[in-house]
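*Asks:*
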Amino acid sequence: FSTFAGEPKWAKQVLTYRILNYTPDLRPTHVNAAIKKALSVWSSVTPLKFIKKDRGDADIMISFAARGHDDFIPFDGPGGSVAHAYAPGKGFGGDAHFDEDETWTKNTEGTNLFYVAAHEFGHSLGLFHSKDPNALMYPVYRKFDPSVFRLHQDDINGIQYLYGPSDT
Amino acid sequence: FPADTRQKKEGMGLIQKYLENYYGFKKDGESFIWKSNSPMTKKIKEMQEFFGLEVSGKLDSGTLDLVQKRRCGFPDVAG
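Heads up: the protein sequence lines correspond to chains A and B, in order. Take the position in the first sequence, starting the count at 1, then add 89; the result is the number in the working numbering. Take the position in the second sequence, starting the count at 1, then add 13; the result is the number in the working numbering.
1. Applying the criterion that 16 or more other CB atoms from any shown protein chain within 10 Å of the CB defines a buried residue, is T18 (chain B) buried or exposed?
2. Drop a sphere of 10 angstroms on the beta-carbon of P117 (chain A), count the other beta-carbons inside from all chains shown, and report buried for 16 or more, exposed for fewer.
3. Between V68 (chain B) and K58 (chain B), how many whole angstroms is the CB-CB distance? I'm expecting something under 8 Å.
4. Please report whether the beta-carbon of S170 (chain A) lies at a distance below 8 Å from any beta-carbon of chain B.
5. Is the distance from the Cβ of L214 (chain A) to the Cβ of P177 (chain A) below 8 Å?
6. Rounded to whole angstroms, what is the Cα-Cα separation between S51 (chain B) and D221 (chain A)?
7. Taking Cβ-Cβ distances shorter than 9 Å, what residues in chain A pair up with L79 (chain B)?
8. Enumerate, from N- to C-terminal direction, the unbroken beta strand (DSSP E) stretches of 3 or more residues contained entirely within the region 199-231 of chain A.
9. For K21 (chain B), name the three-state secondary structure that DSSP assigns.
10. As a quick exercise: from A:R239, A:T200, A:G169, pick the residue whose alpha carbon is nearest that of K30 (chain B).
11. To the nearest angstrom, how far is it from the Cα of D73 (chain B) to the Cα of Q61 (chain B)?
12. Residues in its own chain within less than 6 Å of G247 (chain A) by CB, not counting five upstream and five downstream?
13. Please confirm if F87 (chain B) has its CB atom under 8 Å from at least one CB of chain A.
14. Just reading off the beta strand (DSSP E) that H186 (chain A) is part of, what are its end residues?
15. For F63 (chain B) and chain A, any beta-carbon pair shorter than 8 Å?
16. Is any beta-carbon of chain B found at less than 8 Å from that of A154 (chain A)?
What follows is the structure in structure tokens.
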């Protein structure tokens, strides 16, 4: 694993998130479930907790957008870059953007939202890319079986290096 | 062998874009001819090293396969 330069991380253990808009590829309930499950990947091995907000500012602002979307890092259409997220901090810090030109799914076809979101939230919490091809934080998307997803030890080591192990 | 040349140029264009997006590569009037010490070759080597590929600095099939895969849009080399 690796962290960002300067090791930015959240100074609090309870973080808020807000889903600003929804992809038409999935029902909102499925998006909500995928995002909640992706965050639980990290909260299950750390003392972190996540609370959903429906209005106002949140630590992790989540949105779907195509091409240019006002952060100077435009998406590139179908394929290629599927999402990006920012390291902990104010403003854009912690935010996660998903490329609307991908076909988002809750299974193994297209691009699985849960899997990509879990990777991006790793960035939102302070993890940088891993060189381990089996780690969640490896930068290349791969097909996987959602029913048997298990966080790789390299990812656990990384997030616990920043936030310590779970209280329970 | 025009077909082969075209494929190679397309591949180089693809990897150049990949290096610009994810490895901070800035094109500086370099041609598509492979040079062992060019900035582009160095960046290809950096990328191959990151992904555990054979570090040749050349556009081999493994490298070309990788740049065509879906990936996180965040650069692999963070400032």
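The beta carbon of each residue, even a glycine, is placed where N, CA and C say it ideally should be. Source: prediction; values computed, not measured.
*Replies:* This is what the structure gives:
1. exposed
2. exposed
3. 5 Å
4. yes
5. The Cβ-Cβ distance between L214 (chain A) and P177 (chain A) falls below 8 Å.
6. Rounded to whole angstroms, S51 (chain B) to D221 (chain A) spans 28 Å at the Cα level.
7. V229
8. Within the region 199-231 of chain A, no complete beta strand (DSSP E) run reaches 3 residues.
9. helix
10. A:G169
11. Taking the CA atoms as reference points, D73 (chain B) sits about 10 Å from Q61 (chain B).
12. F90, L216
13. yes
14. From DSSP, the beta strand (DSSP E) with H186 (chain A) extends over 185-188.
15. yes
16. False, the Cβ-Cβ gap to chain B never drops below 8 Å.
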